[in-house]
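Numbering (the working numbering), first residue to last: 531 to 788.
Ideal Cβ placement from N, Cα and C applies to all residues, glycine included.
Owing to the predicted nature of the structure, the values given are computational and were not obtained by experimental measurement.
Have a look at the structure below before the remarks.
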């Protein structure tokens, strides 16, 4: 569990602008239906699978997802800071089937000790994560894309919003979508943090001390979803693709009927 925040040294990229219109692919809305968010556990999913090697992140575009989160219906009782020294400006927003926020990205390197994530590379390193693998080990931040949610507080309680450990998250930055899981919890007044692997996949400097992105990151967390086993990135991608299509379909239908 994170007990600190990381002040970023510099921005690693330009802020992502939300698309005002849907792409042609999104206009042909997919049919809604049941979504399976679990994959059958294997004896050993392997490091390559956890790193997402050879896994395509899906056909749903960043623009299509961002088109559904252009406005915020705030569900948090207050707002969060992106870093300890900043003011509270980030609300948690509610949508049909998901919650989301737009913030920065600090780098979480906690969990299993690896070449990239250890007490020498990360001054704030902790050898545990709030949620564990199917083998009851801390997650591997270097290999597994995961997102950090704020610890439950009077501002917002993620569990009451249908967000679970292992839940599916679409992380969007610079026109890229990366599917991740809810893997750790952080300070209860700070938001905007993801694992080393998440940052690297999105082209963000993953250095836990000097990397990250100052702004332009959108986190869409799908309610009542859960990847099994949590360490299987391929399972997160499969579930994320289906959930993203359903999210777009449901919110487009809701907006049309409203």
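**Asked** Taking buried to mean at least 16 other C-beta atoms within 10 Å of its own C-beta, is residue 617 buried or exposed?
**Response** Under this definition residue 617 is an exposed residue.
**Prompt:** The beta strand (DSSP E) with residue 638 in it runs from where to where?
**Reply:** From DSSP, the beta strand (DSSP E) with residue 638 extends over 628 to 638.
**Prompt:** How is the alpha helix (DSSP H) around residue 791 delimited, first residue to last?
**Reply:** Because the chain in this structure spans residues 531 to 788, residue 791 falls outside the shown range and cannot be described.
**Prompt:** By Cβ distance below 6 angstroms, which residues in the same chain neighbour residue 683 in space, the five residues on each side in sequence not counted?
**Reply:** Excluding sequence neighbours, residue 683 sits near 718.
**Prompt:** Assuming residue 729 contacts residue 741 under a Cβ cut-off of 8 angstroms, what Cβ separation, rounded to an integer in Å, is found between them?
**Reply:** Indeed, because the Cβ distance is near 6 angstroms, the residues count as touching under 8 angstroms.
**Message:** In chain order, what are the residue ranges of uninterrupted alpha helix (DSSP H) at least 4 long that sit wholly in the segment 688 to 758?
**Reply:** When DSSP assignments are scanned along the segment 688 to 758, the uninterrupted stretches of alpha helix (DSSP H) that are 4 or more residues long and fall wholly within it turn out to be 726 to 731.
**Asked** Do residue 596 and residue 698 come within 9 angstroms of each other at the CB atom, strictly closer than that value?
**Response** With respect to the 9 angstroms criterion, residue 698 and residue 596 are not classified as neighbours on the basis of their beta carbons.
**Asked** On the three-state DSSP scale, how would you describe residue 650?
**Response** Coil, per DSSP.
**Asked** Between the segment 743 to 761 and the segment 702 to 717, are three or more C-beta pairs nearer than 8 angstroms?
**Response** The segment 743 to 761, when compared against the segment 702 to 717, does touch it at the 8 angstroms Cβ threshold.
**Prompt:** Any idea what DSSP makes of residue 767, helix, strand or coil?
**Reply:** It is helical.
**Request:** Please work out which residues of its chain come closer than 7 angstroms, Cβ to Cβ, to residue 592, disregarding the five sequence neighbours upstream and downstream, and give them in chain order.
**Result:** Cβ within range, chain order: 702, 705, 706 and 707.
**Asked** How many Å lie between residue 782 and residue 693 at the Cα?
**Response** Distance between the alpha carbons of residue 782 and residue 693 is about 22 angstroms.
**Asked** Whose C-beta lies closer than 6 angstroms to the C-beta of residue 605 among residues of the same chain, with five residues either side of it excluded?
**Response** These residues qualify, in order along the chain: 622 and 624.
**Asked** Hey, how far is the Cα of residue 779 from the Cα of residue 650?
**Response** Between the alpha carbons of residue 779 and residue 650 lies a gap of roughly 46 angstroms.
**Prompt:** Would DSSP call residue 607 helix, strand or coil?
**Reply:** Secondary structure of residue 607 (DSSP, three-state): coil.
**Request:** Report yes if the CB atom of residue 676 is closer than 9 angstroms to the CB atom of residue 743, and no otherwise.
**Result:** Contact: no.
**Asked** Hey, residue 750 and residue 611: beta-carbon distance below 9 angstroms or not?
**Response** No.
**Option nearest residue 739 by Cα separation, candidates 641, 646 and 603** = Minimum Cα distance to residue 739 is reached at 646.
**Request:** With a 10 Å radius around its C-beta and 16 neighbouring C-beta atoms as the bar for buried, classify residue 653 as buried or exposed.
**Result:** With fewer than 16 other Cβ atoms inside 10 Å of its own Cβ, residue 653 counts as exposed.
**Request:** Assuming residue 766 contacts residue 709 (C-beta within less than 8 angstroms), just tell me the rounded distance between them.
**Result:** Cβ-Cβ separation between residue 766 and residue 709: approximately 5 angstroms, consistent with a contact (criterion under 8 angstroms).
**Asked** When the Cα atoms are used, what is the spatial distance from residue 753 to residue 643?
**Response** Each residue's alpha carbon lies about 30 angstroms from the other.
**Prompt:** Between 776, 735 and 696, which lies nearest to residue 764 when the distance is taken from Cα to Cα?
**Reply:** Of all alpha-carbon atoms in 776, 735 and 696, the one lying nearest the alpha-carbon of residue 764 is that of 696.
**Prompt:** Expressed to the nearest angstrom, what Euclidean distance is found between the alpha-carbon atoms of residue 628 and residue 777?
**Reply:** C-alpha separation (whole angstroms): 8 angstroms.
**Request:** Label residue 681 either buried or exposed according to how many other C-beta atoms from any shown protein chain fall within 10 Å of its C-beta, with 16 as the threshold for buried.
**Result:** Buried: at least 16 other Cβ atoms inside 10 Å.
**Asked** Whose C-beta lies closer than 7 angstroms to the C-beta of residue 619 among residues of the same chain, with five residues either side of it excluded?
**Response** Excluding positions up to five away in sequence, the list reads 609.
**Item:** Close beta carbons around residue 602, own chain, < 7 angstroms, minus the five adjacent residues each side
**Value:** For residue 602, the CB contacts under 7 angstroms within the same chain, skipping 5 residues up- and downstream, are 621 and 623 in chain order.
**Message:** I'd like to know whether the C-beta atoms of residue 590 and residue 671 end up nearer to each other than 9 angstroms.
**Reply:** No; because the gap between Cβ atoms is not below 9 angstroms, this pair is not in contact.
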